[in-house]
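Have a look at the structure below, then the notes.
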Amino acid sequence: MMERKEPYATEEEFKKRVIRYRDIPLVELVPGSKSHIIATERMTVSFLTMAPNSSFAVHRHPSEQVMVVIDGACDEIIEGKLYHLEEGDVAILPANIEHGGYISERGCRAIDVFCPPREDYVAKLKAAKESASS
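Numbering (numbering that gives the first Met the number 0), first residue to last: 0 to 133.
Rendered as structure tokens:
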């Protein structure tokens, strides 16, 4: 094992810098699609699980989006054309571009990164946290 010279973070320091995935609330984005969302001051990250044969309606938002497919597949609609995405593919979507998607019979898991933050996702996360604490 490699020698470590730095001390481990205290529990308090750890909690300031690290979020355990299991502690992130699950939020329904649209029917058939749920996400664990992390929101910071300058970006939103969505760990998205999309049910088999579901869809995302064509939409646009003022955030740039990078979508990394980590499992399954989908046909992403980008400006009226279909792009077949599978595990390992990365879609780059500029701000305000029309896009949506059809999810394959295998379903699809993806990580979406948005900059600036998706305000609608931030609101859904806030509502989920408030619901969990009441």
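All residues carry an ideal CB built from backbone N, CA and C; glycine is no exception.
Closest Cα partner of D111 within the set S130, E2, M42, E78: The residue you call residue 111 lines up with position 112 of the sequence shown. Comparing Cα-Cα distances from D111 to each of S130, E2, M42, E78, the minimum goes to M42.
Helix, strand or coil at V121 according to DSSP, with G and I counted as helix: If you number the sequence shown from 1, residue 121 lands on position 122. Taken through DSSP and simplified to helix, strand or coil, V121 comes out as helix.
Buried/exposed call for I102, threshold 16 Cβ in 10 Å: Stepping through the sequence shown from its first residue, residue 102 is reached at position 103. Under a 10 Å Cβ-count criterion, I102 is classified as buried, with 16 or more other Cβ atoms of the shown protein chains found around its own Cβ.
Every unbroken beta strand (DSSP E) inside the segment 7–35 [3 residues or more]: You should have 25–29.
Option in C114, A131, T9 with minimal Cα separation from E40: Residue numbering aside, residue 40 sits at position 41 when the sequence shown is read from its first letter. If you compare the alpha carbons of C114, A131, T9 with that of E40, the shortest gap goes to C114.
Any 3 or more C-beta pairs closer than 8 angstroms across the segment 56–64 and the segment 90–106: Contact between the segment 56–64 and the segment 90–106 is present, because at least three Cβ pairs lie under 8 angstroms.
Neighbour-count burial assignment, F55, 16 or more Cβ in a 10 Å radius: Position 56 of the sequence shown, counting from 1, holds the residue named residue 55. Buried, because 16 or more other Cβ atoms sit within 10 Å of the Cβ of F55.
Which of helix, strand or coil DSSP assigns to E78: As a position in the sequence shown, residue 78 is number 79, starting the count at 1. DSSP places E78 in coil when its eight states are reduced to three.
A109 burial status per 10 Å Cβ neighbour count (16 or more: buried): The residue given as residue 109 occupies position 110 in the sequence shown. Buried, by the Cβ-count rule.
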